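Below is one structure, written out as structure tokens; comments come after it.
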Amino acid sequence: MGNLIFSLNSTVPVFLVIVLGYVLKKIKFLNESFTDISDKLVFKVTLPVMLFNDMSNVDIYNDFDLRYVLFCAGVTTVAFFSIWLLSKIFIKDKSSIGEFVQACYRSSAAILGEAYILNIYGNAGMVPLMMIGSVPLFNVYAVLVLTLESPQKISAGEAAVRIRKAFINILKNPIIDGIALGVLASALKINFPVFAVKTFDSIGGLTTPLALIAIGSSFEFSKLRGKLRLTAIASFIKLFVLPAIFLPLALHLGFTNQKLIALIVMLGSCSTPTCYVMAKNMGHEGVLTSGAIVLTTLFSTVSLTFWIFMAKSLGYII
-6 MGNLIFSLNS TVPVFLVIVL GYVLKKIKFL NESFTDISDK LVFKVTLPVM
44 LFNDMSNVDI YNDFDLRYVL FCAGVTTVAF FSIWLLSKIF IKDKSSIGEF
94 VQACYRSSAA ILGEAYILNI YGNAGMVPLM MIGSVPLFNV YAVLVLTLES
144 PQKISAGEAA VRIRKAFINI LKNPIIDGIA LGVLASALKI NFPVFAVKTF
194 DSIGGLTTPL ALIAIGSSFE FSKLRGKLRL TAIASFIKLF VLPAIFLPLA
244 LHLGFTNQKL IALIVMLGSC STPTCYVMAK NMGHEGVLTS GAIVLTTLFS
294 TVSLTFWIFM AKSLGYII
């Protein structure tokens, strides 16, 4: 019972903040403008500052675990290409492949990873290292699959141009920039003055509650109606199949406690809302993506509680 309570205490508070956002939108206390502005504020300001702050506080010379970072990158890569290959074999509607693959492998690792680790341990822990290994690849692989599996007929030359432009945009991505600048600050051992540290803490501290409320306020059950079968399959793969495959390997390699929690979030949390924005901007319908975001958000509390409970019961989380 104690392990179950620990697991619920880890996941339910995060879920309840999402529910709050949904309720506030339903009673018209919040509107779509709030959601849009919150998404932009989180994506372009508070989340990059939070990631910069987290990374700059990592002792890059003593705490940096290259094996862990490479594991996160390797898992992301294997999962992505495996799902893409199987999708090309089994999915008949080829126009849905790009959205399906992205919904299956791409997690809301930055926001939810920080939220769960803070809720359990009170600090960012190993989330920054997990994000170094996964978040840049999330973006790179999404560009590849959404471009090459575009429902629009494009030439090889046009595909190359799109990929090149998309990679340039990735380099300008505020999230990736925040991580990169944080790593640089850590490597140079920059000691920021107290007023700067408190400012970073205040701005970064807005990220989790604001992002979770925005996720809840943008939640629409109607988005589940389109392509429900593929949406359900993608959601099941995202929440249960990937953790079932890769978490035992992580345990075999000795990743426990904060490292394991970060991996559970990377593998078993909901698909990030950014998936929908990217899919729409790259010529896809977006129905499958939006449905997967809704479904995985709805059931991620169940999946994360289950995986944390299993890890806690087996003694891998203290």
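So the sequence shown is numbered by the numbering used here: it starts at -6 and just counts up by one.
Cβ coordinates follow ideal geometry from the N, Cα and C atoms, glycine included.
Fair warning: this is a prediction, and the values are worked out from it, not measured in the lab.
C-beta neighbour in chain C for residue i, strict 8 Å
| i | result |
| --- | --- |
| residue 160 | Of the chains in the structure shown, none is chain C; there is only one protein chain. |
Reduced DSSP category for residue i - H, G, I as helix; E, B as strand; rest coil
| i | result |
| --- | --- |
| residue 143 | coil |
| residue 264 | strand |
| residue 275 | coil |
| residue 314 | This structure cannot settle anything about residue 314, because the visible part of the chain is limited to -6 through 311. |
| residue 86 | coil |
| residue 235 | helix |
| residue 186 | coil |
| residue 58 | coil |
| residue 36 | helix |
| residue 21 | coil |
| residue 177 | helix |
| residue 308 | coil |
| residue 166 | coil |
| residue 247 | coil |
| residue 31 | helix |
| residue 199 | coil |
Beta-bridge partners of residue i, as assigned by DSSP
| i | result |
| --- | --- |
| residue 100 | 264 |
Closest by C-alpha distance to residue i, when choosing among the options
| i | options | result |
| --- | --- | --- |
| residue 293 | 307, 236, 273 | 236 |
| residue 271 | 171, 15, 144, 135 | 135 |
| residue 139 | 208, 282, 100, 259 | 282 |
| residue 36 | 230, 12, 0, 199 | 199 |
| residue 127 | 162, 73, 269, 108 | 73 |
| residue 92 | 76, 101, 102 | 76 |
| residue 31 | 192, 203, 222, 296 | 203 |
| residue -1 | 301, 307, 23 | 301 |
Close Cβ partners of residue i (< 6 Å) along its chain, the five nearest in sequence each way excluded
| i | result |
| --- | --- |
| residue 84 | 90 |
| residue 131 | 99 |
| residue 276 | 143, 145 |
| residue 15 | 209, 212 |
Neighbourhood of residue i by C-beta, 8 Å cutoff - its chain only, sequence neighbours within 5 removed
| i | result |
| --- | --- |
| residue 214 | 287 |
Nonlocal neighbours in the same chain, by C-beta distance under 7 Å from residue i, ignoring five residues either side
| i | result |
| --- | --- |
| residue 327 | There is no way to answer for residue 327, as the model of the chain reaches only from -6 to 311. |
| residue 197 | 39, 42, 43, 46 |
| residue 13 | 206, 209 |
| residue 166 | 132 |
| residue 291 | none |
Cβ-heavy atom distance, residue i to the ligand NAP, below 7 Å
| i | result |
| --- | --- |
| residue 133 | With respect to the ligand NAP, the structure shown offers nothing to examine, as it has no ligands at all. |
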